[in-house]
Structure formats: C-alpha cells, structure tokens
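A short worksheet on the structure shown next.
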Amino acid sequence: MRNLTSKSGSLTPAFFRKEQTAAFLLLFPSILILGVFNIYPAFYSIVLSFFEWNGFSPDIPFVGIENYKTLFTNGVFYNSLLVTIIYSVVVTFGSLIIGLLVAVALDRDIKGKTLYRILYFLPVVTPTVASGVVWKYLFDPTQGIINTMLSYINIQGPAWLNDSAWALFSVSIVGIWKRIGFCMIIYLAALQGVSANLYEAARIDGATEFNILKSIKIPLLSPATLFLTITGFIDSFRIFDLVYVMTNGGPVDETDVLGLMLYRNGFEYFKLGYASSIAVGIFGILLILSFVQWKFTQGGEAY
Amino acid sequence: MVRLIRKESITRRITRHVFLSVGAFISILPFLWLITTSLKPPNTLYSAPLLFPTHFHIENYIEAFQAAPFARYSLNSFIMSAGIVLTQTLFSAFAGYAFARIKFKFSNLLFFILLGTMMISNYAIVIPNFLTVNALGWYDTFAALIIPRAASVFAIFLFRQFFLSLPKEIEDAAKIDGCGKIRIFFQIALPLSKPVIVTSALFSFLFAWNDFLWPLIVTDSPQMRTIQLGLSVFQGRYGVRWTLLSAATVLSILPSIVAFLIAQKYFIKGIAGTGLKG
C-alpha cells in the first residue's frame with residue numbers, strides 16, 4: 077500500500093517518461109538490427125543500382141539507368157524471369173492443390189492423424205541443400221530410384237535433370253514436395269473453423285462429397301488459398317539453393333532462376349551495380365504480383 | 006440433442022487411408038532411400054534393397070567424418086544457430102512486449118513499418134549487407150553469421166499477439182508494488198510466454214540451420230563453413246561416393262528433424278495461427 081497516492085495511478089509525467097524509456101530500451105536491439113540490416117540496405121540497393129562498382133575500387137561512376145537498360149534488353153534476364161515464373165506457378169499451385177486434397181482427407185477423426193501430419197510435414201523442415209542432394213540422386217537417369225521404379229512397370233523414364241525439357245519440372249517437383257506439408261497445415265486449420273453440421277446439412281440435401289468440396293469447402297477456404305498463393309510466390313521467387321545444388325542453372329540455362337543470375341553477377345563477376353538492378357527488379361515484380369493478387373481478390377474480403 | 010454427424014462407411018474410410026498412405030509414402034520416400042543408402046556397404050549401392058535398410062554399415066558415417074571436417078561444420082552451424090535463436094527470441098520478446106503493453110508515440114506506425122519490412126525480399130538486401138559486413142571487418146566471422154539476423158519481425162509479431170492475449174490484471178499487482186515495465190517483463194510476462202518462446206525458437210533454429218545463401222556469401226575459410234555449405238562442397242567433390250555423401254546428408258538433416266519432432270505441436274499451431282491471420 078505504500079506510495080499509492082504519490083504515484084497516483086500511472087498518469088504522472090515522471091511515470092510516463094519512465095514508460096517511454098522502457099519502451100525505447102526494449103525496442104532498441106530489434107530496431108537497430110532491422111534498421112541497419114533490412115531497411116537501410118533496401119534503399120541502398122536502389123541507390124547502388126544506378127552505379128557501376130566492383131565492391132573495392134575507389135572509383136564508383138554514376139551510370140544512371142544504364143544497368144536497367146542492360147537488364148531489360150538482355151535475353152538472359154528474360155529467360156531467368158520466365159524460368160522463375162514457371163517454377164513459382166508450378167510449385168505454388170501444385171503444392172496448393174495436393175495440400176488441399178491431403179487436408180480434406182485428414183479433416184476427420186481418423187486413426188493416425190498426427191502421424192500423417194508429421195510425415196507430410198517432414199519435407200518442410202528438411203534443409204533445402206540436403207533435399208536437393210537427395211533428389212538429385214533419385215532423379216539419376218540410370219541409377220536413380222525413380223527410373224528404376226518406372227522400369228518395373230515398363231516405362232522408360234526421361235533423363236530428368238539432364239534433359240532440357242524435364243529439368244525445370246524436376247526441380248519444381250522438389251519444390252512442391254517441400255511445400256505440401258505447409259499448405260496442408262494451413263488448410264487444416266482453416267477447415268477446422270468450418271462447422272461439421274454444415275456438411276451434414278448439405279449431405280441430407282443430397283450433395284455428394286465432390287459437391288461439398290466444390291461448393292462449400294473451396295469457397296470457405298479462399299482466404300487460406302489467397303494466403304498460400306501470395307506466400308507461395310514470395311517463397312518460390314526466392315529459390316536459389318535448390319537450383320544451385322541440383323543443376324546450377326543447366327542444362328544450358330533451362331533452370332537459370334533469377335536468384336542464380338543475381339548471385340553470379342554480384343558474387344562471381346562482382347558487378348554490384350548491375351546485380352542490384354536485378355534485386356530491385358525482383359523486388360518490384362513481387363510487389364506488383366502481391367498488389368495484383370490483392371486487388372484481384374479484393375483483399376480476400378469477397379468471402 | 007441428436008448427433009448429426011454420421012459415421013463414415015467402411016469403404017470410404019479405407020479409400021481415405023489408402024490415399025493418405027500413398028501420399029505419405031511418397032513424401033518420405035527420399036528419407037527412406039537416404040537412410041538405407043547411408044547404411045550400405047559401398048559395393049552394393051545399386052542393388053536392392055533401396056528403401057528399407059538391411060545392412061548397417063556404420064563405417065560410412067565415420068568415413069564421411071574423416072573425408073571432410075563435418076564435426077567442424079556442425080559445430081559452426083550449432084554456434085550460428087544458437088546465436089540466432091537466442092538473440093532473435095530475446096529481442097523479439099522485448100519488442101513484442103513493448104508493442105503490446107506500453108503506450109508510446111508512433112507505436113502503431115512503427116509496428117506497421119516493421120511489418121512492411123517483411124515484404125523486402127532477401128535479394129534486395131544481400132549485396133548492401135555484404136558490403137556492410139565487410140566494412141565492419143566481420144567477413145568470415147561468427148559476427149557476420151549471427152548479428153545481421155539477430156532480429157525477426159515474424160517473431161516480434163508472434164510475441165506481440167501473445168502478450169496482447171494475456172489478461173492485464175496479471176501485471177496489476179506488480180504495478181501497485183511500483184515495479185517498472187522492464188521488471189514486470191522479466192518477472193511476470195516472460196515466464197508466462199513459454200509456448201511462444203518454444204515456437205519462435207524453433208522457427209529461428211530451422212531458419213538458421215537450413216540457411217545457405219548468406220553463409221555462402223560471408224564466409225570463406227573451411228573453418229567457418231556451416232554444415233549446409235560443407236555438404237554442397239562435399240557433393241561436388243565426393244558426388245560419386247554416394248554411401249559417404251548420404252551419411253553426410255543424414256547428419257545435416259538430423260538436427261532439423263529432431264527439433265521439429267520435439268516441438269511439433271507448438272510449431273504446427275504457430276504456423277496455422279499465422280495463416281489464419283494472414
């Protein structure tokens with residue numbers, strides 16, 4: 077009971093100032109780090125993209141929009157952009173559809189639910205480099221397990237990673253494999269918000285399981301679908317390690333994603349200005365994509 | 006009330022399990038192959054069994070450790086991960102508490118700016134950060150591996166949501182005793198936040214342990230390589246010796262899987278929660 081009156085609640089200026097100091101101290105470490113290693117570099121990348129620099133030379137000429145001109149008149153960039161977009165579309169929607177099916181199948185009190193959930197989720201937490209190393213072997217044209225299994229049923233499998241028609245698809249399969257568990261968890265959580273009585277009412281009205289999936293579940297799940305589409309694109313646009321380990325961009329440039337192009341220019345050729353213009357380009361494309369998706373679905377409020 | 010939910014027919018239940026088990030089998034097929042291969046004597050690589058181990062040739066693991074300094078790589082990865090987990094968790098708990106419990110000027114604006122930084126792609130910051138780390142003399146040190154990743158907006162968000170959900174009354178007694186906000190945080194709020202600490206720590210650990218691009222850019226010497234880098238180099242050099250490579254791969258995967266299995270309940274809840282709010 078001491079000092080209760082002198083403190084008189086929490087509105088005295090001294091007390092208020094103390095709170096401000098506490099807030100400052102608590103926020104300081106995170107703000108400092110995010111400021112120096114997140115916010116500042118985002119702007120610095122934009123600035124750097126107007127210069128030509130190798131990272132150590134004292135002479136840093138301003139080149140205006142020259143880097144962007146080179147970028148946008150460059151076949152390599154358009155190839156990488158296309159490869160990245162194809163990869164992102166295949167992985168985002170492939171994992172989304174399979175994840176939905178698994179979630180719908182699991183959305184019941186069935187035996188082994190936890191075990192299934194864990195098994196589907198294991199690839200999500202597996203390091204990307206290790207995943208790439210393993211799948212590279214599974215895809216091996218002659219010794220790999222996939223073609224071995226296909227040969228049991230008399231199918232001559234393609235050369236996967238070595239075949240320019242299949243390489244990108246093969247890498248995408250690994251991307252899908254790594255993302256199904258994530259989609260499943262998000263859909264499961266969303267399905268749990270739907271009352272089971274709703275399905276039962278539909279069944280009494282004669283709806284089939286497929287009708288229920290199409291007319292009740294999918295529309296009700298659209299906020300989750302929007303979330304998975306946006307995060308899917310953002311994550312897949314980041315792809316680097318998987319390709320670096322599995323194909324290093326090849327055969328020729330069939331899997332040469334934007335991340336690889338940026339890494340090559342920035343950290344092998346030391347064209348930091350040019351690499352920055354690629355970074356800014358990727359960032360811009362992602363912003364536009366998110367915005368278009370958000371507009372397209374009216375921020376998910378349509379449902 | 007009459008229970009409306011009818012029991013599923015047997016055929017339907019079987020279909021469900023068949024679909025789920027086939028999917029689950031494909032999902033873990035790479036792991037089965039990997040473990041089986043890592044335990045095979047070298048000359049039997051291409052012969053059956055492919056998916057279920059019948060040999061237990063532990064020597065592969067020993068040989069992999071001798072062929073490359075995997076002990077050193079693992080140690081580096083553990084130091085880096087521990088540093089990132091500790092700093093991210095502590096700093097994010099601080100910031101999350103400040104956003105949830107202290108009224109200060111521009112609090113909302115600041116929070117939205119931070120959320121906005123989540124939109125900044127990894128690539129947009131990697132080159133300037135490389136230059137910053139170099140300028141600070143941190144190239145090829147643990148400082149470069151840990152400090153730039155010592156903060157996490159995602160973790161701040163998790164902690165803020167948690168502290169907002171705590172009833173304010175819990176803190177009132179301490180307030181009457183004249184405790185400052187920082188003492189309340191350490192003595193009351195932090196001990197209560199164990200579930201978020203576990204979730205956040207696990208996310209941080211997986212991020213750190215699995216990370217590749219940043220360690221690739223800021224380290225150079227073999228003494229500073231993390232396990233993922235080591236594995237990628239090892240693959241280039243010993244790519245044909247699959248029994249060794251697969252043993253090394255198992256070692257690089259194991260900590261992630263173990264961490265996930267220990268905390269999987271929290272982890273899945275944490276992910277599901279962000280999705281619903283997203």
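Chain order of the listed sequences is P and C.
Going from the first sequence to the numbering used here is simple: count from 1 and add 76.
Going from the second sequence to the numbering used here is simple: count from 1 and add 5.
Yeah, the Cβ is synthetic: ideal placement off N, Cα and C, and Gly gets one too.
Since we're looking at a predicted model, the values are computed, not measured.
Where residue i falls, given that 16 or more other Cβ within 10 Å makes a residue buried
{"i": "P/E285", "result": "exposed"}
{"i": "P/T149", "result": "exposed"}
{"i": "P/A272", "result": "exposed"}
{"i": "P/T218", "result": "exposed"}
{"i": "C/R242", "result": "exposed"}
{"i": "P/L363", "result": "exposed"}
{"i": "P/G170", "result": "buried"}
{"i": "P/L244", "result": "buried"}
{"i": "C/I15", "result": "exposed"}
{"i": "P/L176", "result": "buried"}
{"i": "P/E339", "result": "According to the sequence displayed, residue 339 of chain P carries Tyr and not Glu. Its Cβ being crowded by 16 or more others within 10 Å, P/Y339 is buried."}
{"i": "P/R93", "result": "exposed"}
{"i": "P/W370", "result": "exposed"}
{"i": "C/T20", "result": "exposed"}
{"i": "C/T92", "result": "buried"}
{"i": "P/D185", "result": "exposed"}
{"i": "P/N324", "result": "exposed"}
{"i": "P/F119", "result": "exposed"}
{"i": "C/I152", "result": "buried"}
{"i": "C/A129", "result": "buried"}
Cβ-based neighbour list, residue i, same chain, cut-off 8 Å, excluding 5 preceding and 5 following
{"i": "P/S240", "result": "P327, V328, E330"}
Nearest to residue i (by Cα), restricted to the options the options
{"i": "P/L172", "options": "P/G342, P/G251, P/L158", "result": "P/G251"}
{"i": "C/F212", "options": "C/V90, C/D225, C/A268", "result": "C/V90"}
{"i": "C/K274", "options": "C/S251, C/N215, C/T204, C/V238", "result": "C/T204"}
{"i": "C/F83", "options": "C/E13, C/Q233, C/G185, C/V255", "result": "C/Q233"}
{"i": "C/V255", "options": "C/F159, C/L37, C/T231, C/S209", "result": "C/L37"}
{"i": "C/P58", "options": "C/A69, C/T42, C/N65, C/E64", "result": "C/T42"}
{"i": "C/V138", "options": "P/I109, P/L101, P/I294, P/I280", "result": "P/I109"}
{"i": "C/L169", "options": "C/Q240, C/P153, C/A100", "result": "C/A100"}
{"i": "P/T224", "options": "C/L56, C/A148, C/S257", "result": "C/L56"}
{"i": "C/A73", "options": "C/K186, C/R230, C/F109", "result": "C/R230"}
{"i": "P/G257", "options": "P/Y192, P/Y320, P/S248", "result": "P/Y192"}
{"i": "P/G140", "options": "P/P117, P/T146, P/T305, P/F127", "result": "P/F127"}
{"i": "C/S261", "options": "P/V333, P/V205, P/F343, P/F359", "result": "P/V205"}
{"i": "P/I354", "options": "P/L124, P/D185, P/A98, P/Q96", "result": "P/L124"}
{"i": "P/K347", "options": "P/T146, P/A181, P/C259, P/A118", "result": "P/T146"}
{"i": "C/I175", "options": "C/I189, C/Q166, C/R165, C/G183", "result": "C/I189"}
{"i": "C/S198", "options": "C/M124, C/Q240, C/I161, C/P220", "result": "C/I161"}
{"i": "P/I306", "options": "P/G335, P/Y228, P/V356, P/V167", "result": "P/V167"}
{"i": "P/L237", "options": "P/S246, P/R184, P/S121, P/A266", "result": "P/S246"}
{"i": "P/D183", "options": "P/Y275, P/V200, P/W253", "result": "P/Y275"}
{"i": "P/V165", "options": "P/F313, P/P199, P/Y320", "result": "P/F313"}
{"i": "P/Q96", "options": "C/T224, C/F111, C/A156, C/A194", "result": "C/F111"}
{"i": "C/A148", "options": "C/S26, C/N81, C/P47", "result": "C/N81"}
{"i": "C/T250", "options": "C/V263, C/I258, C/L236", "result": "Inspection of the sequence shows that residue 250 of chain C is occupied by Leu rather than by Thr. Minimum Cα distance to C/L250 is reached at C/L236."}
{"i": "C/L150", "options": "C/V158, C/F135, C/F159", "result": "C/F135"}
{"i": "P/L157", "options": "P/F367, P/V368, P/I358", "result": "P/I358"}
{"i": "P/L152", "options": "P/P203, P/G308, P/N341", "result": "The amino acid occupying residue 152 of chain P in the given sequence is Val; Leu does not appear at that position. Answer by Cα proximity: P/N341."}
Neighbour flag for residue i against chain D, beta carbons, 9 Å
{"i": "P/L157", "result": "No chain D appears in the structure shown, which is made up of the protein chains P and C."}
Neighbourhood of residue i by C-beta, 6 Å cutoff - its chain only, sequence neighbours within 5 removed
{"i": "C/K282", "result": "Interpretation of C/K282 is limited by its pLDDT of 42, a score under 50 that renders its predicted location unreliable; the figure taken from the coordinates is listed afterwards. Around C/K282: no qualifying Cβ."}
{"i": "C/L163", "result": "V201, S205"}
{"i": "P/Y144", "result": "S353"}
{"i": "C/M6", "result": "Residue confidence is low: C/M6 scores 41 on pLDDT, short of 50, so the model does not pin down where it sits. Its coordinate-derived value is still stated next. Excluding positions up to five away in sequence, the list is empty."}
{"i": "C/D225", "result": "D145"}
Neighbourhood of residue i by C-beta, 7 Å cutoff - its chain only, sequence neighbours within 5 removed
{"i": "P/I221", "result": "L214"}
{"i": "C/I40", "result": "P58, V255"}
{"i": "P/V356", "result": "S121, I122, S125"}
{"i": "P/V319", "result": "V247, G325, T331, V333, L336"}
Where the segment 21–46 of chain C meets chain P: residues whose CB sits under 9 Å from a CB there: R21, H22, F24, L25, S26, G28, A29, F30, I31, S32, I33, L34, P35, F36, W38, L39, T42
Output needed in chain order: residues of the segment 207–219 of chain C with a Cβ under 8 Å from some Cβ in chain P. L211, W214, N215, F217, L218
Interface residues of the segment 213–226 of chain P facing chain C [CB-CB below 8 Å]: Y213, L214, Q219, I221, T224
Selection of the segment 90–101 of chain C by Cβ proximity to chain P, strictly under 7 Å: F96, S97, F99, A100
Extract the residue ranges of the alpha helix (DSSP H) inside the segment 184–241 of chain C, only unbroken runs of 4 or more that lie entirely within it. 186–189, 199–215, 218–223
Closer than 7 Å between beta carbons: that is the criterion. Which residues of the segment 218–239 of chain C meet it against chain P? L218, I222, Q233, L236, S237
Under 7 Å (Cβ pairs) to chain P, residues found in the segment 52–85 of chain C: L55
Could you please tell me which residues of the segment 164–183 of chain P, in chain order, have their CB closer than 8 Å to any CB of chain C? I174, L177, V178, A181, L182
Scan the segment 301–316 of chain P for residues whose Cβ lies nearer than 9 Å to a Cβ of chain C and list them as they occur along the chain. L302, F303, L304, I306, T307, I310, F313, R314, F316
Where in the segment 252–282 of chain P do unbroken runs of the alpha helix (DSSP H), each at least 4 residues long, occur, reported from the N-terminal end onward? 272–280
Alpha helix (DSSP H) runs wholly inside the segment 70–142 of chain C, at least 4 long, in chain order: 75–106, 112–122, 127–140
Residues in the segment 122–136 of chain C with C-beta within 8 Å of chain P's C-beta atoms, listed in sequence order? T122, M124, I125, S126, N127, Y128, A129, I130, V131, I132, P133, N134, F135, L136
Restricting to runs no shorter than 4 residues, where is the alpha helix (DSSP H) found entirely within the segment 81–148 of chain P? Runs of the alpha helix (DSSP H) spanning 4 or more residues and lying entirely within the segment 81–148 of chain P occur at 89–110, 116–124, 142–148, in chain order.
Counting only runs that start and end within the segment 180–247 of chain P, where is the alpha helix (DSSP H) found for 4 or more residues in a row? 189–201, 204–214, 221–228
Which residues of the segment 228–258 of chain P have a Cβ closer than 8 Å to any Cβ of chain C? Give them in chain order. W253, I256, G257, F258
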